[in-house]
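Enquirer: No gaps in the numbering here: position 177 of the sequence shown is 177 in the UniProt record's numbering, and each next residue is one more. Idealized CB from N, CA, C, for every residue including glycine. Please read these numbers as outputs of a predicted model, since none were measured by experiment.
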Amino acid sequence: MRIQTPSRIHMGLIDLNGSIGRVDGGIGLSLEEPNIKIKGKESNDISIEFEKNLIEKFGEEYLLSIKQRAKTIAERILNFINENGVDLKITSLFPAHSGLGSGTQLALGIGKLISKLYNRDLNGYEIAKIAGRGGTSGIGIGAFEYGGFLIDGGHSFGKGKDKEDFKPSSASKGVKPAPIIFRHEFDWDVVLIIPKGEHVYGKKEVDIFKKYCPVPLNDVEKICHLVLMKMMPAVVEKNLDDFGEVVNKLQYLGFKKVELSLQSDIVKNLINELHKDVYAGLSSFGPTIYAFGDKKLIIEKVNNVFDKYGVYGDIIITKVNNIGYKIF
Numbered sequence: 001m002r003i004q005t006p007s008r009i010h011m012g013l014i015d016l017n018g019s020i021g022r023v024d025g026g027i028g029l030s031l032e033e034p035n036i037k038i039k040g041k042e043s044n045d046i047s048i049e050f051e052k053n054l055i056e057k058f059g060e061e062y063l064l065s066i067k068q069r070a071k072t073i074a075e076r077i078l079n080f081i082n083e084n085g086v087d088l089k090i091t092s093l094f095p096a097h098s099g100l101g102s103g104t105q106l107a108l109g110i111g112k113l114i115s116k117l118y119n120r121d122l123n124g125y126e127i128a129k130i131a132g133r134g135g136t137s138g139i140g141i142g143a144f145e146y147g148g149f150l151i152d153g154g155h156s157f158g159k160g161k162d163k164e165d166f167k168p169s170s171a172s173k174g175v176k177p178a179p180i181i182f183r184h185e186f187d188w189d190v191v192l193i194i195p196k197g198e199h200v201y202g203k204k205e206v207d208i209f210k211k212y213c214p215v216p217l218n219d220v221e222k223i224c225h226l227v228l229m230k231m232m233p234a235v236v237e238k239n240l241d242d243f244g245e246v247v248n249k250l251q252y253l254g255f256k257k258v259e260l261s262l263q264s265d266i267v268k269n270l271i272n273e274l275h276k277d278v279y280a281g282l283s284s285f286g287p288t289i290y291a292f293g294d295k296k297l298i299i300e301k302v303n304n305v306f307d308k309y310g311v312y313g314d315i316i317i318t319k320v321n322n323i324g325y326k327i328f
């Protein structure tokens, strides 16, 4: 049996102020590429291997950390369904801590594959709870389970509520995944640019949340206005210009403004240059940038900035995944 997971763009957290008793809330898109592909079969113990080309692409040291993570996830899922082992081979992978949600997709992909192999068929939310994912944003789980353009409703906030302080997903263990409150198919192509930039995770990410939260309520109110009254209708009515205008404005509001401020000059200059003619944003903490509009113009602008800084980055033209994970 094989599974293919999407990747995801995280366009921003809606409310990291919390003054009305709710926090987080995510905006995002599920993508066809890059993706994670895993083959699996029943076994008496846990075995995890990688396709040879992944060893050449990522290196043995990096894959060793992925192997340990995958083993931990497999152990948790197997313990939950009371089975002993699984034989897994990862054949496609994308980098961790790049803004595309690889950790959640790896966890959900392994969990779903194991549960299917043993005829349990756990859903993405059950797997996320077992694996300890989705404690801040629900976009990764929604991307896996449903695909499309997604908005999640965040978590109740305050003493005795879902969350009592501001934390990223990695530090929000035991928090139930946020509900998806809006989902719609999305037809426009997406250009991903993955340049040299800052990779934010672990303690560094936790410290950023502590330092910069709560964000100003005025910013949260502007984000809600833009998302509810312009972005969501634009998706339904297929109005790329309205949608893109909101994407550009979100880069300078709330927690997204913080995420962008902490990025490298290359990333900031790329977004500034793209905003002159098209629509672009930072996915999560980055360094991945996503863009909409004239693809030829986007690629030309990106290559000009790369040449200026003497750096190289990946450029991927992809489509939105409107169905979520795929089982073969």
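Is Lys67 helix, strand or coil when you go by DSSP?
Expert: Counting from 1 along the sequence shown, the entry for residue 67 is found at position 67. If DSSP states are grouped into helix, strand and coil, Lys67 belongs with the helices.
Enquirer: Does the beta-carbon of Leu78 have 16 or more other beta-carbons within 10 angstroms, so that it is buried, or is it exposed?
Expert: Here residue 78 refers to the residue found at position 78 when the sequence shown is read from its first residue. Answer is buried; the Cβ neighbour count reaches 16.
Enquirer: Which runs of the alpha helix (DSSP H) spanning at least 4 residues fall entirely within the UniProt domain "GHMP kinase N-terminal" (72-148), listed in chain order?
Expert: 102-117, 124-131 and 139-145
Enquirer: May I ask you to report which of helix, strand or coil DSSP gives Phe157?
Expert: Locating residue 157 in the sequence shown gives position 157, counting from the first residue. Strand, per DSSP.
Enquirer: Find out if the Cβ-Cβ distance for the pair Ser7, Gln105 is shorter than 8 Å.
Expert: Here residue 7 corresponds to residue number 7 of the sequence shown, with the count starting at 1. Here residue 105 corresponds to residue number 105 of the sequence shown, with the count starting at 1. Between Ser7 and Gln105, the CB-CB gap stays under 8 Å.
Enquirer: In terms of residue numbering, what span does the beta strand (DSSP E) encompassing Ile46 cover?
Expert: Position 46 of the sequence shown, counted from the first residue, corresponds to residue 46. Counted as a single uninterrupted DSSP element, the beta strand (DSSP E) harbouring Ile46 occupies residues Ile46 to Phe50.
Enquirer: According to DSSP, simplified to helix, strand and coil, what is Asn11?
Expert: One-based indexing of the sequence shown puts residue 11 at position 11. For the record, residue 11 in the displayed sequence is Met; it is not Asn. Three-state DSSP puts Met11 in a strand.
Enquirer: Work out the CA separation of Ile141 and Ile298 for me, nearest whole Å.
Expert: As a first step, residue 298 is located in the sequence shown; it is residue number 298 there, counting from the start. As a first step, residue 141 is located in the sequence shown; it is residue number 141 there, counting from the start. If you draw a straight line from the Cα of Ile298 to the Cα of Ile141, it is about 29 Å long.
Enquirer: Going along the chain, which residues of its own chain have a beta-carbon closer than 6 Å to the beta-carbon of Arg120, five neighbours each way excluded?
Expert: As a position in the sequence shown, residue 120 is number 120, starting the count at 1. These residues qualify, in order along the chain: Ile81.
Enquirer: Taking only three categories from DSSP, how would you classify Leu217?
Expert: Position 217 of the sequence shown holds residue 217. Residue state, collapsed to three classes: helix.
Enquirer: Comparing C-alpha positions only, which one of Lys230, Asp314, Lys238 and Gly40 sits nearest to Phe186?
Expert: Within the sequence shown, residue 186 is the residue found at index 186, counting from 1. For the residues Lys230, Asp314, Lys238 and Gly40, the minimum Cα distance to Phe186 belongs to Lys238.
Enquirer: With a cut-off of 8 Å, do at least 3 Cβ pairs link the stretch 166-181 to the stretch 126-138?
Expert: They touch, by the three-pair rule.
Enquirer: Under three-state DSSP, which class holds His275?
Expert: Within the sequence shown, the letter at position 275 stands for residue 275. In this structure, His275 counts as helix in the three-state DSSP scheme.
Enquirer: The ligand ZN heavy atoms versus the CB of Ile315: any closer than 7 Å?
Expert: The model on display carries no ligand, and the ligand ZN is accordingly not part of it.
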